Amino acid sequence: MKMKFLFLNMLVLSFFFIILNHPISMGMVLLIQTLMVSMLTLIMFKNSWFSYMIFLILVGGMLVLFMYMTSVASNEKFKLNFSVSLMIMIVALISFLLLNLKLEFFTNSKFDFMLTLSKFIQPMSMMILLFLMIYLLVCMIGIVKISFINQGPLRQLFN
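As structure tokens, this is what we get:
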């Protein structure tokens, strides 16, 4: 039941992302979808560290996007459109009504998710996993060095 609710809400938010045109509202939709993806992985894998790491990675990427957006975009006023909020409420009501349907595509595949996770952490793939972790660490250190607070590409110029 929880997975159906999360899946339907993620689908609804994906449709709303297309409708929205302000960066703040798009960022809010992305943040909510990030939370839902991490909750969905928690339910599927029954392992909290995996969902926590996915949440941290996605929020880190969103922070980079937010910094880029604030340095490039102009200061627009944010107004909540009534028609969009009414549409959000209607679609949320429809998604709650759809929860009562018999959707059985999640129950049979729970074993497949656990099997995939066990294949991910095998001795054969540990070397590749270790290489990817080191590569991500080096990339993160490089990005921090490039965007140093006084010299980086995101600095503000005061005239």
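Residue numbers (UniProt numbering): 1 to 159. We put the CB at the ideal spot given by N, CA and C, even for glycine. All values reported here derive from a predicted model rather than from experimental measurement.
Asked                                                                                                                                                        : Found
Short of 7 Å in beta carbon distance, which residues of its chain neighbour Ile54, apart from the five on each side in sequence? Order them along the chain. : Val37, Ser38, Thr41
Distance check for Asn9 and Ile19, CA to CA, integer angstroms please.                                                                                       : 16 Å
Quick one: measure Cβ to Cβ for Ile43 and Met3, integer angstroms, because I've assumed they're closer than 8 Å.                                             : 6 Å
Excluding five sequence neighbours on each side, which residues of the same chain lie with their C-beta closer than 8 Å to the C-beta of Tyr52?              : Ser38
What alpha helix (DSSP H) runs, 4 residues minimum, are completely inside the region 32-76?                                                                  : 48-72
Apart from the five residues on each side of it in sequence, which residues of its chain come closer than 8 Å, Cβ to Cβ, to Val29?                           : Leu13, Phe16, Phe17, Leu20
Does DSSP put Asn21 in a helix, in a strand, or in coil?                                                                                                     : coil
If you compare alpha carbons, which of Asn47, Val59, Met69 is closest to Pro23?                                                                              : Met69
Beta-carbon separation of Leu11 and Thr34 under 8 Å?                                                                                                         : no
Answer yes or no: do Gly27 and Phe82 have a C-beta to C-beta separation smaller than 8 Å?                                                                    : no
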